[in-house]
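Below you'll find the structure, written out as structure tokens, and then a few comments.
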Amino acid sequence: MTKEDIKQVVLDIIADIAPDENLAAVKPEVRLRDQLSLDSMDFLDIVMELRKKHGIEVPEADYVQLASLDSCANYLLPKFLAKSGK
Amino acid sequence: MEARQMSTKPRIVITGLGLTAPNGNSLGEFRANLLAGKARIAVIDVRHMGRHPAGVCDFDATKWQKRKEIRNGTRVGSISIYCSREALGDSGLDWEKVDKSRVGVYLGITEHGNVETENEIHNISLFGNDTKYWTHHHNPRTVANNPAGEVTMNMGITGPHYTIGAACAAGNAGLIQAAQMLQLGEVDIAFAGGVSESIHTFGIFAGFKNQGALGAHEDPTKASRPFDKNRNGIVISEGGAIYVLERLDDALARGARIIAEIAGWCINSDATDAVLPNPERQTECVRIALKRAGMKPQDIQIVSTHATATALGDIQECTALRAVFADCPDTKINNTKSFIGHCMGAAGALELAGNLPSFDDGWVHPTINIDELDPECAMPGLVINQPVKVERVNTILNNSFGMLGINSALIVKKYGVA
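Keeping their order, the protein sequence lines are chains S and E.
Heads up: the first sequence begins at 1481 in the numbering used here, then just goes up one per residue.
Heads up: the second sequence begins at 50 in the numbering used here, then just goes up one per residue.
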């Protein structure tokens, strides 16, 4: 599992919860909210889908870590690695 | 208090209509199928219950909603938005110029929230019933104003919105509420009618089945058979019919096409039984609506019945109608559930819609699927299996009744006819 894999995981979730968005040009360093039409309920959907599909928990205090694809990758990679035992 | 005639209050007219029914996504398609005798009932998988006949709508929700709206909202929200948008188009209103704070949304519902709650119970059952997997969308999806609220968000309406919970009398109740709010001057334009997503909740199916009131037939299009001797219960359907209502003066001022005028109505209560209808109260309901409209029974050309094909309910309504229309040989009586099943909260609104074109074409659609008329449901004016052409249709009385003994009768008339 790499940071690029994590970014794709998050993009796949966003593709499901925001199906009208064009994700081809999402810039990883830019806040998702600044380039996509996402609201607070959508971010809760991202948290829920990480929990349901990947068994990853994101405590409320850490929601800010999901701001961009880069920050998602940095924050989530250790959690995915711990989950996979690597 | 004695029912008062409505002539001193502002006159209310229908100037637009949008609908989705199991056999049509526009009034034209719906009407054509009613006159052609075409029922459309599918067989669907009902969670925990296997396959059952049900009326399924196939409108294109993406016509008026983004896919995210559809995902986050409810099925009945999509039905409501589709019908409202279509009604707006039909009304000819210049939406850009309409003051959205003066627009109200009043939608009748039989129930709301069963579908979404059952879905979440199923969802968390896949995760050991751990409620941390329960969606945060649950509350906005299940608040009772959901269908009307989704309409306001989609259309930018900032006036009042709410639903009217009235069991299966809800379609009429939504229209009546809108007419009252227009008469009070609370709003200038109302989107009103009834909507339902009930085919997506197994609880409704199970409840009717265990009540001995769930319809079945090897041919699903014959499963809904009001007044037939071998009827065996309700076919549950989804759908919606939403109207644009305005005060007559406003409609005339903008040169609107006037589809019909609301002439009179009544909502009353049986106060006797939760599920067994009371013909005495139904009779009262119809008589009060007639009085408020300033009409006699002989003035009604079409009675659109509520009958749902339950063993006793149909007989009760026929008893009530015989009491009122005994001396009305020219009054035609029909039933639309025989084509589309019971659209629950949408039923009354859809059934009225199916009859409205009679004002222009003079045809009365029948009640179909009668192989053997139940003698206890025999009425001289009942239009059986084939449409009939009549000299004129200027008035329609639309019955819609529901559980807990709620009765509604709504009378509309052709505009411009005394």
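The beta-carbon is built from N, C-alpha and C at its ideal position, and this holds for glycine as well.
**Request:** Taking only the alpha-carbon atoms, compute the straight-line gap between V152 of chain E and Q365 of chain E and give it to the nearest angstrom.
**Result:** 38 Å
**Asked** Would you call E267 of chain E buried or exposed, if buried means 16 or more other Cβ atoms sit within 10 Å of its Cβ?
**Response** exposed
**Message:** Could you check whether the region 455-463 of chain E touches the region 428-444 of chain E, counting it as contact only if at least three pairs of C-beta atoms, one from each stretch, sit closer than 8 Å?
**Reply:** yes
**Asked** What whole-angstrom Cβ distance do N447 of chain E and L431 of chain E have, given they're in contact under 8 Å?
**Response** Not quite, the Cβ-Cβ distance comes to about 16 Å (not below 8 Å), so this is no contact.
**Request:** Determine which residues share a DSSP beta bridge with S457 of chain E and list them.
**Result:** E:I316, E:S449
**Item:** Cross-chain neighbours of I1497 of chain S in chain E, by beta carbon under 9 Å
**Value:** K117, R120, N121
**Item:** Spatial distance of I285 of chain E from S247 of chain E (CA atoms)
**Value:** 7 Å
**Message:** Excluding the 5 residues flanking S1486 of chain S on each side, which residues of the same chain have their C-beta closer than 8 Å to its C-beta?
**Reply:** A small fix is needed here, since residue 1486 of chain S is Ile in this sequence, not Ser. Within the same chain, I1486 of chain S has close Cβ partners C1552, A1553, L1556, L1557, F1560.
**Message:** For chain S, check one thing: does any of its Cβ atoms lie closer than 9 Å to the Cβ of T191 of chain E?
**Reply:** no
**Asked** Going along the region 184-215 of chain E in order, which residues come within less than 9 Å of chain S, judged by CB to CB distance?
**Response** T184, H185, H186, P189
**Prompt:** Taking the C-alpha atoms as reference points, what is the distance between K1563 of chain S and I1536 of chain S?
**Reply:** 8 Å
**Asked** For Y182 of chain E, does the three-state DSSP call read helix, strand or coil?
**Response** helix
**Prompt:** With distances taken from CA atoms, which of E:G289, E:G288, E:R306 is nearest E295 of chain E?
**Reply:** E:R306
**Request:** Could you tell me which chain S residues have their CB closer than 9 Å to the CB of Y182 of chain E, listed as they occur along the chain?
**Result:** M1528, R1531, K1532
**Prompt:** Apart from the five residues on each side of it in sequence, which residues of its chain come closer than 6 Å, Cβ to Cβ, to M50 of chain E?
**Reply:** Unreliable positioning characterises M50 of chain E in this predicted model, as indicated by a pLDDT of 44, which lies under 50. The coordinate reading is nonetheless provided below. Once the five neighbours on either side are set aside, M50 of chain E has no close Cβ partner at all.
**Asked** Comparing the C-beta of D1514 of chain S with each C-beta of chain E, is any distance below 9 Å?
**Response** no
**Request:** Consult DSSP for I170 of chain E and reduce its assignment to one of helix, strand or coil.
**Result:** helix
**Request:** Can you grab the Cα-Cα spacing for the pair D1525 of chain S / I1497 of chain S, in whole Å?
**Result:** 7 Å
**Asked** Taking the alpha carbon of K278 of chain E as the point to measure from, which residue in E:H97, E:L422, E:A427, E:T64 has its own alpha carbon closest?
**Response** E:L422
**Item:** Touch test, the region 104-112 of chain E against the region 316-330 of chain E, Cβ-Cβ under 8 Å, three pairs minimum
**Value:** no
**Request:** For chain E, find out if any of its Cβ atoms is closer than 9 Å to the Cβ of D1586 of chain S; answer yes or no.
**Result:** Since the first residue shown for chain S is 1481 and the last is 1566, residue 1586 of chain S is missing from the structure and cannot be characterised.
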